[in-house]
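**Q** One structure, as structure tokens, below. Some questions next.
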Amino acid sequence: MADNGHGNSYLSFGSTNRQENIGTMLASLRIEIRPQEQGGREVPFMFRSSRSSTTYGDGDQSTPMVIDSESVEGGGERGSNERRIEEGDGFSLTRKENERTVEEAKRREDIVKAYDLDGLNCAICMEPWRSEGDHQVSCLPCGHLYGFSCISKWLQRPVPTTKCPQCNAKCEFKDIRKLYTTPVVVIDEGLQKKVESLEDEIGSLKTEKSDLLDIQDNLLEIQDNLLKLLRNLKEKPACTENTSFEQMGSKPHQFFNAKEAQGVQSGFSFGSYFSKQLLHCNFKLQHELAIEGGRLFAMDFSYQNLILARRIAGMGGMHMLNKINLINPRENEDIQLPPSTKAVKDIQISRCGRLALLASLGKKLSILSMESNNIVVTYNLRVPAWSCSWDLNSPHYVYAGLQNGMLLVFDMRGTLNPLQSMVGPVPGPIHTMYPLAQNPVLGSNSQKLLTASSLGPCVWNTDAGKRPFLVPGFENQGICTSLAYGPLSDDIVASYHPKSKKSNATVNSQCIDPDSSPFPGSATLCSQLLVKRIADSHYRNLGSTSAYLSNGQMARTAIINMQNCFPLFAYGDEATRGLRLKELPSFNVTQNLKPHHHPILDVKYAHNQDTGILGSVSEDKLQLFSAELLQKR
């Protein structure tokens, strides 16, 4: 206890201004803390003040006041305290009462902080101020805001010097200024930023929800189309034998295991392999041309043209093209390429037959006019190109597979920069590329691409945001050196060399077949895997076989699709140095064609509605075969 110099005793809560002000504020008003519900939500406490006309003793020091107890039982003690205050002769508090008073004040301050009421309520009575009336928001010269009735009573106390309850700045009653404004709220910038962030998140969630609903609608449409297709297949006598579309639908982007593929070797029928009687296909040699430095080629059956890429060793390793007439192969034209083009790694002729797409190691993707034999468009790349393809849906889009594993999309109509650049799962060369035909029943308009790198086949979707994925069923097979795809049967055959040199079964080709190869060489026992693509996004393993392939060569292979015939897989067999044909899906050898002197580097098949032509090229020879159908024995 202490004396304030006027004969009144007071209780000091501390030496700081904040403690003095809190004590003074509490002494000015009689405040009750009561539980109350607001807006259907229980709020811990609501503040209600009962103003009193009590006068106090003089002095600048603050005089604390006892907070009313919430319980009824404390009413007697509360009345006693109130009487002591109203009598104005000073009062004394016990230690227990003092602790309870401090605890109640602290709890009230915590509630104010928890509900962020500082910018809404009067700092004296803790009640919201008003825009008019007795409790109209008012300010002092120091800038602090209070309700008018509260600050008026505060400044009209009979004390020598009146001060602001918060900062102790000297002020008088005449200094009070009423504020005529809309309700004043202190803006919390942190809270405002949080609200803006939540609004952005809500907008993002709404957009995502809309996208998901669109995807759901598309999936439902696809499901309806598949069910219609399934009903149509069930109505036909050529139905599938072992697997239905309902069974496939539960395995998206999956590969069906070997147990499900039983019966492959015994003539398994699936998808395009109908139970009706199929024919065998036989090939006869039609033309054989001696060439120099053959590397790869492309055929266009509609215009009866063939483009051959060569490397002339006697001219400083110059790279050039030959355009050969398929009707009369003796008629051919040389096409000179710019020296900066370097080696051509892939050639693809457009569906219209008037343009040829070239991917080269000179970091260029070029378009050749088949009419003028001139390069009409050249795209300069940052790294060498290993493969290329035309878009099946639009004649304006072209694709390039790069040495670093990236895939670029170009539009021929007006830009020299790629429209899209996608990173593959492997940072190695994309050595093979096929455009995948989309089933219109599935409602997909985006172009998908089947590519191959050293890790194996990979599927790309040109839709933005969709990452490429490796085709299931080809994991841990070795180093993929070639890939063949049959668009009509959706068969995929990948050839793999073993990774470890110790596991290589390297034999001399003359020991395998002494009469078939006039030159000694080496062959590596490799694996060939067959996977069928089903309903655009499902894959089924149909078996595998082994074959002797050229050691160190990346020779291309092909799948032959002919109407009413079993699909055939054509590749250059290193044991015979000739084309070997295997029937799919059994991998039974059906034909060995005339051998070459050097390893076969490229195999292509082109067809129209009536017939087809099969070609193979090596370093010094180009062979063209025609097909004839044989009745199944």
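Sequential numbering of the sequence shown, starting at 392, is according to the working numbering.
Ideal placement from N, C-alpha and C gives every residue a C-beta, glycine not left out.
#1: Would you list the one or two residues that DSSP bridges to K565?
#2: W545 lies in the alpha helix (DSSP H); which residues open and close that run?
#3: If contact is defined by three or more beta carbon pairs under 8 Å, each pair taking one atom from either stretch, is the region 991–1009 in contact with the region 957–964?
#4: Can you look up G796 in the DSSP assignment and give me helix, strand or coil?
#5: Measuring alpha carbon to alpha carbon, tell me which residue in N955, P976 and G969 is nearest L920.
#6: If you draw a straight line from the C-alpha of V814 to the C-alpha of E587, how long is it?
#7: If you draw a straight line from the C-alpha of E1019 to the C-alpha of C672, how long is it?
#8: Which same chain residues end up closer than 7 Å to N764 when comparing Cβ atoms and leaving out the 5 residues on each side of it in sequence?
#9: How should Q1014 be labelled, buried or exposed, when 16 other C-beta atoms within 10 angstroms of its C-beta is the threshold for buried?
#10: Suppose the cutoff is 7 Å on Cβ atoms and the five residues either side in sequence are ignored; what does the same chain contact list for W1026 look like?
#11: Once DSSP output is grouped into helix, strand and coil, what is the label at D964?
#12: In angstroms, rounded to a whole number, what distance separates the CA positions of K600 and N609?
#13: Assuming L748 contacts V774 under a Cβ cut-off of 8 Å, what Cβ separation, rounded to an integer in Å, is found between them?
#14: Excluding the five sequence neighbours on either side, which residues of its own chain have a C-beta within less than 8 Å of the C-beta of L677, listed in chain order?
#15: Run through DSSP, which three-state label would A560 get?
#16: Just to confirm my understanding: we take S641, look at its own chain, exclude 5 residues before and 5 after, and list those with CB closer than 6 Å. What are they?
#17: Quick one: complete beta strand (DSSP E) runs, 3+ long, within the region 918–980?
#18: Quick check on DSSP: helix, strand or coil for N784?
#19: Does any residue of chain D have a CB that is nearer than 7 Å to the CB of V735?
#20: Hey, N696 and L717 are a contact pair by Cβ (cut 8 Å); roughly how many whole angstroms apart?
#21: Using C-beta distances below 7 Å, list every residue in its chain close to L728, excluding the 5 sequence neighbours before and after it, in chain order.
#22: Per DSSP, Y887 forms a beta bridge with which residues?
#23: Note down, in chain order, each residue of its chain lying with its Cβ closer than 7 Å to the Cβ of N623, except the 5 sequence neighbours on either side.
#24: CB-CB under 6 Å to L1021, same chain, minus the five flanking residues each way: which ones, in chain order?
#25: So, at 6 Å on beta carbons, what are the nonlocal neighbours of C630 in its own chain, with the 5 sequence-adjacent residues on each side left out?
#26: Span of the beta strand (DSSP E) holding H678?
**A** To lay it out plainly:
#1: Looking at the DSSP assignment, K565 forms no beta bridge with any residue, so it has no partner.
#2: F539 to L546
#3: yes
#4: coil
#5: P976
#6: 35 Å
#7: Counting only the Cα atoms, C672 lies some 6 Å from E1019.
#8: K714, E724 and I726
#9: It counts as buried.
#10: The structure shown does not extend to residue 1026, since the chain is modelled only from 392 to 1024, so the question has no answer here.
#11: strand
#12: 14 Å
#13: Wrong, their Cβ atoms sit about 17 Å apart, outside the cutoff.
#14: Note that residue 677 is Gln in the sequence shown here, rather than Leu. Sequence-distant partners of Q677 (beyond 5 residues in either direction) whose C-beta falls short of 8 Å from its own C-beta, in its chain, are I1004, L1015, F1016 and S1017.
#15: coil
#16: Reliability fails at S641, whose pLDDT of 37 lies under 50, so the model's placement of it is uncertain and no value is given.
#17: 929–941, 949–951, 959–964 and 969–974
#18: coil
#19: Of the protein chains in the structure, only one exists, and it is not chain D.
#20: 7 Å
#21: H710, M711 and L712
#22: C871 and S918
#23: none
#24: Only H671 and N673 meet the Cβ criterion.
#25: Interpretation of C630 is limited by its pLDDT of 36, a score under 50 that renders its predicted location unreliable; no figure is taken from the coordinates.
#26: H671 to A681
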